[in-house]
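Each remark here refers to the structure printed beneath this line.
Protein chains: 4
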Amino acid sequence: MSLTPEQIAEIAAQRAHQTPTYRAVSPGLEAQLYSAMPLLDHGFVRAVDYMGDDGAIVQAARVSYGRGTKAARNDEGLIRYLMRHWHSTPFEMCEIKLHVKLPIFVARQWIRHRTANVNEYSARYSIMDKEYYIPAPEQLAAQSSTNRQGRGDVLEGEEAHRVLTLLREDAELTYGHYHEMLNEGPPDADGKPTALDPSRQGLARELARMNLTLNAYTQWYWKTDLHNLFHFLRLRADAHAQYEIRVYADAIGELTKAWVPMAYAAFEDYRLNAATLSGPALAAVKRMLAGETVTQADSGVSAGEWREVMGMLGRE
Amino acid sequence: MSLTPEQIAEIAAQRAHQTPTYRAVSPGLEAQLYSAMPLLDHGFVRAVDYMGDDGAIVQAARVSYGRGTKAARNDEGLIRYLMRHWHSTPFEMCEIKLHVKLPIFVARQWIRHRTANVNEYSARYSIMDKEYYIPAPEQLAAQSSTNRQGRGDVLEGEEAHRVLTLLREDAELTYGHYHEMLNEGPPDADGKPTALDPSRQGLARELARMNLTLNAYTQWYWKTDLHNLFHFLRLRADAHAQYEIRVYADAIGELTKAWVPMAYAAFEDYRLNAATLSGPALAAVKRMLAGETVTQADSGVSAGEWREVMGMLGRE
Amino acid sequence: MSLTPEQIAEIAAQRAHQTPTYRAVSPGLEAQLYSAMPLLDHGFVRAVDYMGDDGAIVQAARVSYGRGTKAARNDEGLIRYLMRHWHSTPFEMCEIKLHVKLPIFVARQWIRHRTANVNEYSARYSIMDKEYYIPAPEQLAAQSSTNRQGRGDVLEGEEAHRVLTLLREDAELTYGHYHEMLNEGPPDADGKPTALDPSRQGLARELARMNLTLNAYTQWYWKTDLHNLFHFLRLRADAHAQYEIRVYADAIGELTKAWVPMAYAAFEDYRLNAATLSGPALAAVKRMLAGETVTQADSGVSAGEWREVMGMLGRE
Amino acid sequence: MSLTPEQIAEIAAQRAHQTPTYRAVSPGLEAQLYSAMPLLDHGFVRAVDYMGDDGAIVQAARVSYGRGTKAARNDEGLIRYLMRHWHSTPFEMCEIKLHVKLPIFVARQWIRHRTANVNEYSARYSIMDKEYYIPAPEQLAAQSSTNRQGRGDVLEGEEAHRVLTLLREDAELTYGHYHEMLNEGPPDADGKPTALDPSRQGLARELARMNLTLNAYTQWYWKTDLHNLFHFLRLRADAHAQYEIRVYADAIGELTKAWVPMAYAAFEDYRLNAATLSGPALAAVKRMLAGETVTQADSGVSAGEWREVMGMLGRE
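From first to last, the protein sequence lines stand for chains A, B, C and D. Read left to right, the first sequence gives residues 1 to 316 (our numbering). Read left to right, the second sequence gives residues 1 to 316 (our numbering). Read left to right, the third sequence gives residues 1 to 316 (our numbering). Read left to right, the fourth sequence gives residues 1 to 316 (our numbering).
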């Protein structure tokens, strides 16, 4: 289970009462605010604050384009127009803050998105919980033989069993030694830490943490604007993203859909489900539409790109 | 007057009803939300949305530092500790969105703060209103004789009169010609623009705007996090900032104080009213505290810095 | 002419001698370094420094992907692969610094690209030169009747004449008054400013500048990485960008092509000349390729987007 | 040893010949370019490219402040003035690119500096080398009893021995299992990977990596501008930074000093060795300078801050 009793109580307390506000409110996200969506074996994501809604995007666009915009387009049409033409600043007017619990190797990918604000649990300051990610058997895949950064067939039988045993035993062992090196018992009556074994000093937390494995769970508050969130989702909800980060992106996609339904629908059409054709590929498509038979050899498109384009067009 | 009747009606509508939310609410900022603070002769600033309060800073810090923090410090002490030790990420968890009307030459300084989101009224797309900044007589200062980027004495008599006349006439004239070149009348029944003078085509808006002077007013939505807002305030609420941007910084300071009173008090003590001593200046102060008489010559501090340090220490 | 004699002498001095370096060198950009490309009537752009070349992109990608990459692909193929798959970080390893002289209304658009470093000439500190942009007659266009932020037909005859006269006279007049209000004569023997008219104090520079029109020229050093430069070029070298910024983007495109020819060719194919199809538009293209006749009405694509897609596919 | 024979050969090749350039050259950094400074047990840092020198800072400031600056100040005085008055943009005109090999737990701290460009070795794509950080005995410290995120006494005797044994054995064990799960042998004649044990498929690299401990070494190219580099150094070369990142900051400080000696000296005086006094602390210092005896109780300064201020002033 991913939530501690304290966290469950905290969520219940956060959802216990409402306060009146003059601000724009998103009913869809209010319904889910603070609630945790469980992910992987011990992870979760939950929205803990937000600013703006679909209307805020429209409002910002209308500051830019002035009165004329009002008559000309309804809100949904305007949002779709902005998305299609890469007018990103109105989407930056919305902001969301998430609380995420995730394995460290996922956190290392995630943090590469730089335009976000982050407060992460500090293993320099505090002691890590004993929680680590062990993949579900159906996620235990072999290296792909065609894609150097992808997965192939699911492992089965003894090999799968051996892998799961190794991952579990090594995480147990290294956490146990982490704990032993720290040598910290429960705090005393004054809240001061005590030694498990009074004959030892205990290793500094900032050093002991290095014995943990990369599947240990960490957690953070992560805050970003809607434009950058869409960029994150486009890369991480993609089929080529690693499964362990994709489940987070998918869950955040659900939250985003509840929060700004019009903007999310535009994002699906113009980003998630869109396809980009290079200049040479576009020329080939034009020739095909004119009835010509075009081959990779006479298209000026490389073999690798040709394969991708044919896939995109459903002509494999 | 800085607000149009439409804007006054819009503000009244925005303040007409509240909606319940599960989010953290700042009572101080709710009381001022949407209301415009008039600045200069036609400008204003108003908060139109926000996310988080003092509690959000504390909450983010506690995610980082874990349980131990809770017992050890109360909220205000923790916020002051974070500010003093330059722990900036918890302050980034709060966000504010402002609607600002300001002269273009002020906007040009302001926009140099890059870590913010902006939607500005587009003079490429829409027609600028006839509003421009004319300084109040007491702001009409001569060039400072000591500071190449500062003001000296207030101009008086005929020189002051002449300057005000020139500023006003030139703005009137260039705006009039802008309008003439545009050649746009009020929209017709279908909302289409009409020509003032049907014998002329009218110059494209994106070109005509170049005839406006730099004191013409523009407006934008500007959104930033609390950490970057404090950085903006430290530079722009400073005595060396140009008066015309300082009045905006001061007004935003008031809004910030209402929004996050604990964080703002810490900002005043540790940033606005703080002083930084260089290594050599600190060495000089130590010697002075030990009873030595220290002169600039034997301090290793340059004459310019020495003057600044003595000013800081009230020993001019 | 856009360059002062001092600037011409400075460029000659900068190109007078070379120094040996261990760093990667781009022969194409070295040939143009410091030289100014004249733009509009008084503007220019010139590269004044750079870091990295095509090889630096490849090198950074190989740190990421490890040894395997080396065998698998040649440099050009790898660069094209990175561009096609939106792997942006290797392109961030190259950096360029430009010196640009440009009208203020162009600078206001340009500065909205936030991920760059900028040092602009300060009119608060120094006196602006008497230079302002007057469009060439063939650039004097009417407002577009179909695009609210575009240009239509070129103005002719008396209307064109009147516009040019107004722009020129107003810039002359406001600059003259700016100068009068400043009341600064040439510096004396000690380098101190003198008064033109000793009976007046002169208005502070930070105030007097507000009387200038938006077509006054300013200048800055602007530094950015190659990834963000490509983003700038994609938006500003586009046919929908305002002509006055597009000429700068086109010139910078030339410099970029000289600097990193492989990356620039990939940028042309995969960004500049590429086309993005939304999910619904892609579905329509698939049906068309399968021999179906598809109309806007049965495509699920809005009328506006349909027009754009048909244009893209050359089927208008 | 931190460098592989391939890396040593690569460095020798990079330093084997020079090319003439028109760009500004920093003799100090050229002398060290590409050479690796060994750090910790297997880490290193080396400069692999740079842009600009002290002169570039001055040049950018003079674009901003115009001609007047030239006469008024020499280069060093101007750089010191800029640093003292927090004029950060001229320092952003210089850029450096570093190649760093470092333990993952250090990389996790480092990456929190967001305004940098990074290309990291991908364990999703490639196999990690068998290298992990084991602290030198004199760095094996107990948790500090006064500072929750600091180190106290050095561990000794049996406890030290036990800690070193655990760290070494756990890293060995988990790396061995990582390797076993991957099941990859040396590539065959065509460069294709082979299986160590042909009866097993091998786990995908992106999954197997999660079994590594946080002291495993990674490497990256890291590029940043001088302003942000100074910010990094101020935080990470500080006595409160964790030793394992401080050694990197110190080494980068040496490179920076060789690269831009004037700017680095100003940084030392105005940042590294500077002290900031809060408003209330400044008031107390003024009273002390006036001969008053001031106590914490009557200073309005909290006990914690008072302790810090007295330490700063050498009056503990």
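We treat Cβ as the ideally placed atom computed from N, Cα and C, and that holds for glycine. None of these values were measured; they are calculated from a predicted model.
Contiguous alpha helix (DSSP H) elements confined to the stretch 212-242 of chain C occur at 226-236, taking only those with 4 or more residues. Using a Cβ-Cβ cut-off of 8 Å, N215 of chain C counts as an interface residue toward chain B, since at least one Cβ of chain B sits closer than that to its own. When Cβ pairs closer than 8 Å are counted between the two stretches, the stretch 121-129 of chain D is seen not to touch the stretch 251-262 of chain D, the count staying below three. A258 of chain A does not reach chain B, its nearest Cβ partner there being about 13 Å away, counting only Cβ pairs nearer than 9 Å. Contact note: H231 of chain D does not reach chain A at a C-beta cutoff of 7 Å; the least C-beta distance is about 15 Å. Taking P187 of chain D as the centre and dropping the five residues before and after it, the same chain places the C-beta of P193 and T194 closer than 8 Å to its C-beta, in chain order.
In the DSSP secondary-structure assignment, A61 of chain D is not bridged to any residue. Within chain C, N119, E120, Y121, S122, Y125, S126, W220 and Y221 have C-beta atoms less than 9 Å from the C-beta of S64 of chain D, given in sequence order. Contact annotation for T174 of chain C against chain B: D170, T174 and T213 [CB-CB distance below 8 Å, chain order].
For the pair D170 of chain B and R162 of chain B, the Cα-to-Cα distance works out to about 12 Å. Put simply, of A:T174, A:L272 and A:L155 the residue whose alpha carbon is nearest the alpha carbon of Q201 of chain D is A:L155. When DSSP reads this structure, L102 of chain B sits in a beta bridge with B:T218. With at least 16 other beta carbons inside 10 angstroms of its own, H227 of chain A counts as buried. Inter-residue distance for G300 of chain A and W306 of chain A is about 9 Å (C-alpha atoms, whole angstroms).
As the crow flies, the alpha-carbon of V285 of chain D is around 8 Å from that of V294 of chain D. Here the stretch 265-283 of chain B makes contact with the stretch 229-238 of chain B; the two share three or more CB pairs at distances below 8 Å. Boundaries of the beta strand (DSSP E) harbouring V45 of chain D: G43 to M51, taken from the DSSP string.
Straight across, the Cα-Cα distance linking T213 of chain D with T174 of chain A is about 8 Å. The straight-line gap separating the alpha-carbon atoms of Y22 of chain B and E206 of chain D is approximately 39 Å.
Contact note: M288 of chain D reaches chain B through L289, using a C-beta cutoff of 7 Å and chain order. The DSSP-derived three-state label of E120 of chain D is strand.
In this structure, DSSP gives K97 of chain B an extended state, which the three-state scheme calls strand. By the neighbour-count definition (other C-beta atoms within 10 Å, threshold 16), P137 of chain D is an exposed residue. If the five residues before and after E244 of chain A are omitted, its C-beta is found closer than 6 Å to the C-beta atoms of V106, all from its own chain and listed in chain order. Assigned with DSSP and collapsed to three states, D75 of chain B falls in helix. Bounds of the beta strand (DSSP E) holding D153 of chain A are R151 to V154. Secondary structure at L82 of chain D: helix, using DSSP grouped into helix, strand and coil. At a cut-off of 8 Å between beta-carbon atoms, Y50 of chain C makes no contact with chain A. Comparing C-alpha distances from H179 of chain C to each of B:P280, B:H179, B:L166 and B:E172 shows the shortest one belongs to B:L166. Beyond the five residues adjoining it in sequence on each side, A31 of chain A comes within less than 8 Å, by CB distance, of A258 in the same chain, given in chain order.
Put simply, the CB of N183 of chain D is far from chain B, with every gap to its CB atoms at 8 Å or more. At a cut-off of 8 Å, the C-beta of Y248 of chain A has no neighbouring C-beta in chain C. Its Cα nearest to that of A204 of chain A, the residue D:G150 stands out among D:A116, D:G150, D:H240 and D:H177. Interface residue (Cβ-Cβ distance to chain C less than 8 Å): G279 of chain A is classified as such.
Per the C-alpha coordinates, the member of A:Y132, A:A275, A:R168 and A:R15 positioned closest to G311 of chain A is A:A275.
DSSP lists D:R151 as the beta-bridge partner residues of Q143 of chain D.
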